[in-house]
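*Asks:* In the numbering used here, the protein residues as written are 2 to 147. Can you read through this structure? Questions will come right after.
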Amino acid sequence: MGITGALLLRQLEDVKAATADPEQRMRLFMRGRIAVVARHQDLFTVTWQERAILGSGSYSRLAATAERYRDSVRSLIDDAKEAGLIRPEVDTHLLMLAIDGMTGCAYFWYREQGALRPAEIGDAFRDMLLGGVADPGLPGPDIAAN
């Protein structure tokens, strides 16, 4: 996670430096995160597959980097909430974990020869998160409880 963490932090810092607009930041973040994972797929594969066998010294450094990254992503989400892009009741931490899972696992499933480029995947994920995936004609969210 040392190099991969630095790559992800850099991508997020670049997004924040590129624009102050929360909607554009979410778009650039989702696109860029997929692009970084796809561009360095071999590195992310090794890192994520082998992270469980790291020594405690390495783990402490990596955990600190991961926490800085997650704090920054939560900040990005909170900015989007304040701008009205995300409902206020949405749990910021859980949404950060959802984004991390959606985009972080691209090392496993992304294929360069696939139908979609990283930017298209990032846009699709962002649209799903911000627009939802349920058919608007369906009854409210209570149907999932049944």
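We put the CB at the ideal spot given by N, CA and C, even for glycine.
#1: Below 8 Å on the Cβ atoms is my guess for Y70 versus L9; work out the distance and round it to an integer in Å.
#2: Assign G133 to one of two classes, buried (16 or more other C-beta atoms within 10 Å of its C-beta) or exposed (fewer than that).
#3: What ranges does the alpha helix (DSSP H) occupy inside the region 8 to 64, keeping only unbroken runs of at least 4 residues that lie completely in it?
#4: Kindly indicate which residue of A116, P140, G105 has the alpha-carbon position closest to the one of A36.
#5: Determine whether the beta carbon atoms of L13 and S61 lie at a separation below 8 Å.
#6: Skipping 5 residues on each side, what residues in its chain have a beta carbon closer than 6 Å to that of G3?
#7: Rank A7, P137, D128 by C-alpha distance to the C-alpha of T66 and give the top, closest one.
*Replies:* On the basis of the data shown:
#1: 6 Å
#2: exposed
#3: 23 to 40, 42 to 51
#4: G105
#5: no
#6: none
#7: A7
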